[in-house]
Amino acid sequence: MNQNGHKTRRIFNRWVFPIRQESLPMLPSIFISHGAPTLALEDVPARSFLREAASHLPERPTAILVASAHWGTRTPVVSAMTRNTTIHDFGRMFPSALFEMRYDAPGAPALAERAADLLASAGLASRVDDRRGLDHGAWVPLSQMYPAADIPVLQVSIQPHLGPAHHLDLGRALAPLRREGVLIIDSGSFTHNLEEFFGQTPDAPEPDWVAAFADWVDGALLEGRLRDLLGYRYQAPFAAQNHPTDEHLLPLYVALGAAGMAPRTERLHRSASYGVLRMDAYAFTNDTDAAAAQAA
C-alpha cells in the first residue's frame, strides 16, 4: 500500500473504529478535491487515494450526501431523485470516454426530505428537487470510491454568493446525519484557477504561489484556526490567484461544519495535478463522536 494509503488507515482507525461494534459508525465528514473531470481516467496519486479510501471506513455508509462545487443555487436545494442520472457538465475539450461514463446510483428521496428539514430547523430555507442528477463533482470521485454505484446518493447545493460562514452553518445543520450512518462528502478543489489550468500537462511542476496557499490552508486546518479560515481571502497568501471565485473552496467549510462545533482535522491526502490543481483531502470529526457512540 502506498504512503497515502497508510495515512488513510491510521486516520480512520483513530477516529472511527474506537466505538462499539453494535453501534452505528460515526463516519467523518470528508473534503476531497475532485480536480479535472479526467481524474476518472488518469493514473494519478489522487485517483489511487480515492480508490483506497472507502476500504478504510468501518462500515458501508447507509447513504452518501455530497456538497459539490458544481451545483450552486440562491438557497439550499437537496436532490431527491429515485434513481440518479449522470450530468456531464464539462466541455467537449475533454475525452469522449468521459461522456460515456455513467454513475446512476439510487437516490434517497426520504433522506432528502430529512436533510431539508434539518436545514429549515437551522433557519436555512431549503427545498428538494426530484429532477437534479449528479454533477461531475459528485460522480467522478464516487466512481472511484464506490464504483458499483449501489449506495444511495443525494446532493445538497452550495450558495457561492454567501461565503464561508454560511457554508459552515450549512454543514453544522446536516451534522446529525452522520449519526445515521450517512457519509458526508464535500467535493471541491484545494486550489482552482481555470485560466492557469488550461494548457498545463498532468505532470507540470507546482508553482510557488500554489504551494504557499495550500501550505497556509493546511496549517490553518491542522491548527484549528477557524477564524483565519473564514477570512482566508484576506489572510492566505495568493488567495485570489488560487481561487478567483469561492465556489471550489466552499465545500471545505461544509465538511468542517458537519463535524460539529469543535472539529478535529486530519489530512488524508496531498498531491498536485496539472501543477496548479492541489488535490488535497481531509477528514473531520469531533472529540464527542467516540463518546456519543460508546453511550449509544
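So in the working numbering the end of the sequence shown lands on 279, straight run, no missing numbers. Cβ coordinates follow ideal geometry from the N, Cα and C atoms, glycine included.
Exposed is the label assigned to P188, since fewer than 16 other Cβ atoms lie within 10 Å of its Cβ. Under the three-state reduction of DSSP, Y217 is assigned to helix.
In the three-state reduction of the DSSP assignment, V61 falls in the strand class.
Between the region 103 to 116 and the region 17 to 33, the count of C-beta pairs closer than 8 Å stays below three; the two stretches do not touch. With contact defined as three or more Cβ pairs closer than 8 Å, the region 70 to 87 and the region 29 to 49 are not in contact. Looking at L233, P130, T58, the one whose alpha-carbon comes closest to that of Y86 is P130.
Taking the CA atoms as reference points, H71 sits about 18 Å from L177. Non-local C-beta neighbours of G18 in its own chain, meaning closer than 7 Å and more than five positions away in sequence, comprise A29, S172, S256, L260, M262, ordered along the chain. In this structure, the alpha-carbon of S254 lies about 9 Å from that of V27. For Q138, DSSP records a beta bridge to V49. Around A156, the same chain offers L101, L102, S104, A105, L107, G240 as residues with beta carbons nearer than 8 Å, after the five sequence neighbours per side are excluded. Y236 is not a Cβ neighbour of T248, given a cutoff of 8 Å.
In the structure shown, the three-state DSSP call for D191 is helix. If you look at H252, you'll find it isn't in any alpha helix (DSSP H); it sits in the beta strand (DSSP E) that goes 246 to 252. The continuous alpha helix (DSSP H) containing D100 extends over residues 92 to 104.
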